[in-house]
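So in the working numbering, the last spot in the sequence shown is 521, and the numbers never skip. Beta carbons: idealized from backbone N, C-alpha and C, even for Gly. Taking it in order: structure first as structure tokens, then the write-up.
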Amino acid sequence: MSISRRTLLRSTAATAAVAALGAFTPHVRADEKPLRAGLIGTGWYGKVDLLRLIQVAPVDVVSLCDVDQKQLTAAGEIVASRQPSKKTPRLYGDYRKMLAEKDLDVCCIGTPDHWHALTAIEAMKSGCDLYLQKPISTDILEGKAILDTARKLDRVVQIGTQRRSTPHLIEAIDKVIKPGLLGTIGHVDICCYFHMRANGNPPVHAVPDYFNYDLWTGPAPLRPFDAPADNYGGLPHVRWWRTFMEYGNGIVGDMCVHMLDTARWMLGLGWPVRVSSNGGIFVQKGGKSNISDTQSARFEFDQPNPLTISWEHRTWGNAPDPEYPWAVFIHGEKGVLKASTAKYEFIPDGKKQATLKGTNVVELDKYPEDNDTQERGGDKDASAAVRAQMRNFLAARANRTDPAKKRPVADIEQGHISTASSILANLSMALGGKTLTWDPATHTTDDAAANKLLKRPYREGYVHPAEGV
């Protein structure tokens with residue numbers, strides 16, 4: 053693939069937008085009220101997003117929602133200690149009651165994946181612009197429904213794929229990709245080798261009285277409650293859900309979506325035309341987990357130029373490149389660009405050492421609270437990127453009447469493409485590795501069996517947002 057002028061312009065536009073927005077400071081008139089914000093899902097990354105928003109804008113956190121009363125109460129105390137007013141937000145156990153107040157300007161959504169679609173659509177209908185965590189959906193037609201709702205209601209929706217606002221990756225675009233140092237790009241590898249697949253055989257036990265398990269399950273199948281009782285400080289459901297396909301899309305839906313989105317952004321790529329995947333549970337067979345422990349996927353693109361991206365994950369063993377266990381490797385005729393959340397390196401062909409490199413920005417001198425524990429909303433390695441992503445979100449809201457500026461860098465459409473592409477990989481694996489040709493215009497594949505899987509069945513009492521499609 054030879055990086056075309058069109059691709060460079062896309063990358064340049066993305067880079068310029070993020071660079072400009074990094075300096076964006078919301079201006080509040082004396083008679084203007086702070087931004088009224090809410091959060092649905094007060095777990096680790098829900099708090100990360102909301103607390104970074106507080107750092108970059110005059111915000112009044114009005115309300116918080118979670119089905120776990122213990123987690124909700126703790127989040128209320130943390131937010132009260134961080135926001136300038138020191139006011140404790142209103143606390144809700146049901147997002148529908150929170151959104152019925154219709155008193156929010158923006159809403160952050162950090163629920164488990166299976167709740168993203170229903171909460172996002174309801175929040176937009178209540179009048180909110182959104183900061184929505186990735187992946188945006190658990191099935192492809194949920195994602196399309198979120199996108200369609202955002203466009204119909206003219207909402208600004210930023211997705212939590214904050215690599216698009218990561219300073220050292222923007223630098224890599226400026227110093228390596230745009231000047232053409234890679235030459236013709238022939239292939240991209242993306243990977244994750246973290247040992248992050250929860251596994252085990254905990255017994256079924258009583259649901260804690262502070263946790264509404266039925267509402268937490270929502271539209272997903274109601275599994276027996278077997279979350280480890282000593283999990284994450286006595287919050288048994290926290291992250292245990294990620295090990296089951298009932299609630300998400302495994303490591304591909306959780307980690308591939310980030311790196312696929314990063315590669316697409318850096319190279320100006322849209323939808324893949326073909327997706328295939330193989331994998332399964334090859335090593336870690338002893339527990340209840342039903343997500344793959346080993347999986348490969350292939351994403352084929354033909355616009356702006358032909359290119360293939362290959363994904364690989366293993367939740368066991370060692371990473372081939374220990375310094376890049378979760379990363380993007382862009383291979384060109386003149387060298388390779390290695391990029392991760394921590395750093396980047398450009399190694400010219402024939403050289404053993406990088407000639408260009410950059411590292412992650414950590415701003416503990418300005419924001420020491422970034423170094424807090426995960427339970428209290430800390431993520432020092434990603435905080436600068438999340439802040440930039442939030443500034444970008446706010447700038448898009450401020451420019452919502454300008455068609456050229458109202459789309460944030462991780463707009464809902466981009467989030468849908470990366471999420472749906474990852475889901476297609478899982479559908480391919482479920483169908484024995486069959487290559488699926490994707491038509492974004494019709495949102496269908498060339499395979500009848502795959503098309504039946506584009507919409508998951510919802511549990512009785514819940515209506516899929518694409519019902520009737």
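| query | Which ranges would you report for the beta strand (DSSP E) in the region 332-382 if only whole runs of at least 3 residues count? | reply | 346-353 and 359-366
| request: Pair every Cβ in the region 450-459 with every Cβ in the region 294-306, then say whether three or more of these pairs are closer than 8 Å. | output: no
| said: Looking only at its chain, what residues have a beta carbon closer than 6 Å to the beta carbon of Ala-472, apart from the 5 residues adjacent to it on each side? | reply: Ile-192 and Gly-195
| Can the beta-carbon of His-168 be found closer than 8 Å to that of Pro-271? | no
| Exposure of His-468, with buried meaning 16 or more beta-carbon neighbours within 10 Å | Per the 10 Å Cβ criterion, buried.
| request: List the whole-angstrom C-beta distance separating Thr-94 from Asp-112, where the pair is believed to meet the contact cut-off of C-beta under 8 Å. | output: Wrong, their Cβ atoms sit about 17 Å apart, outside the cutoff.
| message | Taking 6 Å as the limit between beta carbons, can you name the residues of its chain near Gly-90, skipping five residues before and five after? | response | Val-114, Ser-115, Leu-156 and Cys-159
| field | Straight-line gap, Val-309 to Asp-146 (C-alpha atoms, nearest Å) | value | Here the alpha carbon of Val-309 sits roughly 28 Å from the alpha carbon of Asp-146.
| task | Kindly indicate the opening and closing residues of the alpha helix (DSSP H) around Gly-484. | result | Element bounds for Gly-484: n/a, residue is neither H nor E.
| said: Between the region 408-419 and the region 223-239, can you find at least three pairs of beta-carbon atoms closer than 8 Å? | reply: The region 223-239 vs the region 408-419: in contact.
| query | Does DSSP put Thr-494 in a helix, a strand or coil? | reply | coil
| message | Gln-336 and Arg-249 - do their beta-carbons sit closer together than 8 Å? | response | yes
| said: Quick check: the Cα distance between Ile-161 and Leu-488, rounded to an integer number of angstroms? | reply: 31 Å
| task | Kindly indicate which residue of Ala-172, Lys-177, Lys-139 and Ile-173 has the alpha-carbon position closest to the one of Lys-154. | result | Of Ala-172, Lys-177, Lys-139 and Ile-173, the residue nearest in Cα terms is Lys-177.
| Cβ-based neighbour list, Lys-122, same chain, cut-off 6 Å, excluding 5 preceding and 5 following | Tyr-262
| Which of helix, strand or coil DSSP assigns to Ile-188 | coil
| field | Segment contact, 8 Å Cβ cut-off, at least three pairs: the region 330-346 with the region 370-378 | value | no
| request: Would you check if the distance between the CB atom of Leu-234 and the CB atom of Lys-386 is smaller than 8 Å? | output: At a Cβ-Cβ threshold of 8 Å, Leu-234 and Lys-386 count as neighbours.
| query | Shortest alpha-carbon distance to Lys-6 belongs to which of Phe-351, Arg-291 and Leu-105? | reply | Past the edges of the chain, shown from 53 to 521, lies residue 6, and the structure says nothing about it.
| Leaving out the 5 sequence neighbours to the left and right, which residues in its chain are closer than 7 Å to Thr-163 when beta-carbon positions are compared? | Around Thr-163: Ile-92, Gly-93 and Thr-171.
| Is DSSP giving Gly-93 helix, strand or coil here? | coil
| message | My parser needs the beta strand (DSSP E) runs of 3 or more residues fully inside the region 198-253; what are they? | response | Runs of the beta strand (DSSP E) inside the region 198-253: 209-211 and 237-244.
| request: Excluding the 5 residues preceding and the 5 following Gly-252 in the sequence, name in chain order all residues of the same chain whose CB lies nearer than 6 Å to its CB. | output: Gly-339
| request: May I ask you to list the residues that DSSP assigns as paired with Gly-410? | output: Per DSSP, Tyr-396.
| field | Pick from Gly-212, Glu-415, Arg-511 and Ser-328 that is closest to Thr-314, judged by C-alpha positions | value | Comparing Cα positions, the closest option is Gly-212.
| message | Mapping the DSSP letters down to three states, classify Arg-137 as helix, strand or coil. | response | Per the sequence shown, residue 137 should be read as Ser rather than Arg. Reduced to three states, the DSSP call for Ser-137 is coil.
| message | With distance defined between alpha-carbon atoms, name the residue in Asp-206, Leu-124 and Ala-152 nearest to Asn-264. | response | Leu-124
| Does the beta-carbon distance from Trp-363 to Ile-242 come in below 8 Å? | yes
| said: Taking the beta carbon of Asp-498 as the centre, do at least 16 other beta carbons fall within 10 Å, making it buried, or is it exposed? | reply: exposed
| request: Please work out which residues of its chain come closer than 6 Å, Cβ to Cβ, to Thr-140, disregarding the five sequence neighbours upstream and downstream, and give them in chain order. | output: Gly-128 and Ala-132
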